[in-house]
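In UniProt numbering, the protein residues as written are 1 to 107.
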Amino acid sequence: MKNFFQGFNFSGFDFDQGNFNGGYNTGYQNGGFVNDLGFKEKYQKACDTLGVSYTSDQYEIKLAYRKLAKKFHPDISTDPNATEKFQKINDAYDFLSSENINKYKNM
1 MKNFFQGFNF SGFDFDQGNF NGGYNTGYQN GGFVNDLGFK EKYQKACDTL GVSYTSDQYE
61 IKLAYRKLAK KFHPDISTDP NATEKFQKIN DAYDFLSSEN INKYKNM
């Protein structure tokens with residue numbers, strides 16, 4: 001006989017062991033405890049994508065973003081992967097907000 005839960009996708013739940021492995025980030029935001037697993041790696045990857053140092057300020061990040069955005073904009077670039085590169089550049093710039101920059105520097 002099949003296990004009742006086999007047909008369902010319960011990510012984060014481990015019913016065979018009778019416990020709960022996973023959940024939501026219930027920590028405090030903005031200055032308190034936050035589940036930061038992987039934050040440092042994401043920050044560094046975003047900096048690498050834009051070609052800036054990990055200690056760059058918002059001004060340097062904005063300059064690098066504009067330079068790369070002009071180069072890889074899908075309406076301008078002839079690169080066949082321009083759309084994909086442009087999306088990665090936008091995602092990196094969005095992640096590198098002043099809040100995340102300060103958070104990284106205070107780690």
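Where is the CB? At the ideal position from N, CA and C, for every residue including glycine.
Alpha carbon of Asp75 to alpha carbon of Asn100, nearest angstrom: Taking the first residue of the sequence shown as 1, we reach residue 75 at position 75. Taking the first residue of the sequence shown as 1, we reach residue 100 at position 100. Here the alpha carbons of Asn100 and Asp75 stand approximately 30 Å from one another.
Does Leu96 get closer than 8 Å to chain E when you measure Cβ to Cβ? In summary, chain E is missing from the structure at hand, where a single protein chain is found.
With a threshold of 6 Å on Cβ separation, who are the neighbours of Tyr104 within its own chain once the five nearest residues in sequence on each side are excluded? As a first step, residue 104 is located in the sequence shown; it is residue number 104 there, counting from the start. A distance below 6 Å between beta-carbons, with the five flanking residues on each side excluded, links Tyr104 to the following residues of its chain, in chain order: Tyr43.
Whole angstroms is fine: what's the gap from Lys70's alpha carbon to Asp57's? On the sequence shown, position 70 is the one that residue 70 refers to. On the sequence shown, position 57 is the one that residue 57 refers to. In a straight line, the C-alpha of Lys70 is about 20 Å away from that of Asp57.
From Asn90, Lys45 and Tyr54, pick the residue whose C-alpha is nearest to that of Leu68; which is it? Residue mapping note: residue 68 aligns to position 68 of the sequence shown, counting from 1. Comparing Cα positions, the closest option is Asn90.
Under a Cβ-count criterion, where at least 16 other Cβ atoms within 10 Å of its own Cβ denotes burial, should Leu96 be classed as buried or exposed? Counted from its first residue, the sequence shown places residue 96 at position 96. Leu96 should be labelled buried.
Expected contact under 8 Å - CB spacing of Tyr65 and Tyr93 to nearest Å: Along the sequence shown, one-based indexing puts residue 65 at 65. Along the sequence shown, one-based indexing puts residue 93 at 93. The pair is a contact, with the Cβ atoms about 4 Å apart (cut-off 8 Å).
Straight-line gap, Ser98 to Thr49 (C-alpha atoms, nearest Å): Against the sequence shown, residue 98 aligns to sequence position 98. Against the sequence shown, residue 49 aligns to sequence position 49. For Ser98 and Thr49, the distance between alpha carbons rounds to 17 Å.
Asp79 to Asn106 span [Cα, whole Å]: For the purposes of this step, residue 79 is taken as residue 79 along the sequence shown, with counting starting at 1. For the purposes of this step, residue 106 is taken as residue 106 along the sequence shown, with counting starting at 1. Near 38 Å, if we compare the C-alpha coordinates of Asn106 and Asp79.
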